[in-house]
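Written out below as structure tokens is the structure these notes cover.
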Amino acid sequence: MSMIGITEIEYLRDRRFEDNMLEHRDERIMDRMTKMTMVAAQGLFDKVKGESIPSERLAVVLATDTGPRESIQEINGMIARKGFTGINPSKFPNIMITTPLFRVLSMLQAKGPSIPLYVQGKIHHTLQYAFVQINKGACDGVMVLHINEGQGCFGFFVETDESAKQRGVEIRFNFDCKER
Numbered sequence: 001m002s003m004i005g006i007t008e009i010e011y012l013r014d015r016r017f018e019d020n021m022l023e024h025r026d027e028r029i030m031d032r033m034t035k036m037t038m039v040a041a042q043g044l045f046d047k048v049k050g051e052s053i054p055s056e057r058l059a060v061v062l063a064t065d066t067g068p069r070e071s072i073q074e075i076n077g078m079i080a081r082k083g084f085t086g087i088n089p090s091k092f093p094n095i096m097i098t099t100p101l102f103r104v105l106s107m108l109q110a111k112g113p114s115i116p117l118y119v120q121g122k123i124h125h126t127l128q129y130a131f132v133q134i135n136k137g138a139c140d141g142v143m144v145l146h147i148n149e150g151q152g153c154f155g156f157f158v159e160t161d162e163s164a165k166q167r168g169v170e171i172r173f174n175f176d177c178k179e180r
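Under our numbering, the letters of the sequence shown match residues 1 to 180, in that order.
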């Protein structure tokens, strides 16, 4: 049985993020949170030599503690002031956390089992998801991204040591994932 571990970690501080860090045809209609997620995902993807992973074997988990409450209040305030005309739903990713996830999946061409999760400070759920998907053979690697509005974004890449070795990448943190 191969070992599962984290090969790379990427951290992007909100204060150091600038909108021009992302060059994308739709960047003008994206919110800051989605842009940060995409920049962190691309950085992590490059570090793990992700272009060598078959797209159907790559999964992404987008985790956040930021709930939709504040975004719903903000969009309702805009509707009260301006009416429904001109409201761009992509500017409110917390209402639909799948928006940043979809953007990352499209950018990386990832087709593995991917999911958005509200983790409420319990990031270990993302690791459990990654381990289950890898152990059952649904994918070779899982990119886990965690972002909160107005804060930083970090991500890590979980995979088997065999998968990492094929691309010349080393496992940095090993986990013992024996079945009980």
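C-beta atoms are modelled at their ideal positions from N, C-alpha and C, and glycine is treated no differently.
Distance between residue j and residue i (C-alpha atoms, nearest Å)
i, j, result
"proline 113", "leucine 101", "12 Å"
"methionine 33", "glycine 141", "24 Å"
"phenylalanine 175", "phenylalanine 131", "10 Å"
"glutamate 51", "glycine 83", "44 Å"
"methionine 36", "isoleucine 115", "18 Å"
"glutamine 109", "phenylalanine 45", "11 Å"
"valine 158", "glutamate 170", "11 Å"
"methionine 38", "tyrosine 129", "21 Å"
"histidine 146", "lysine 111", "19 Å"
"glutamine 73", "methionine 3", "45 Å"
"arginine 81", "isoleucine 75", "10 Å"
Distance CB(residue i)-CB(residue j) smaller than 9 Å
i, j, result
"aspartate 31", "tyrosine 118", "no"
"valine 48", "glutamate 8", "yes"
"arginine 167", "glycine 5", "no"
"cysteine 153", "leucine 58", "no"
"isoleucine 123", "threonine 160", "no"
"arginine 126", "alanine 41", "Contrary to the premise, residue 126 reads as threonine rather than arginine in this sequence. Not in contact: threonine 126 and alanine 41 (Cβ atoms no closer than 9 Å)."
Cβ neighbour criterion (16 or more within 10 Å) applied to residue i
i, result
"isoleucine 79", "exposed"
"glutamate 162", "exposed"
Reference residue i, options the options, closest by Cα
i, options, result
"glycine 43", "Met107, Ser2, Ile97 and His124", "Met107"
"glutamine 120", "Lys136, Thr99, Leu105 and Asn148", "Asn148"
"lysine 165", "Phe156, Glu10, Ile53 and Arg103", "Ile53"
(request) Please go through the stretch 90 to 160 and give each complete beta strand (DSSP E) segment of 3 or more residues, from N-terminal end onward. (result) Secondary structure remark: continuous beta strand (DSSP E) runs of at least 3 residues inside the stretch 90 to 160, in chain order: 115 to 118, 141 to 147 and 153 to 160.
(message) Give the list of continuous beta strand (DSSP E) stretches no shorter than 3 residues that lie fully inside the stretch 39 to 69.
(response) DSSP runs (the beta strand (DSSP E)) wholly in the stretch 39 to 69: 58 to 64.
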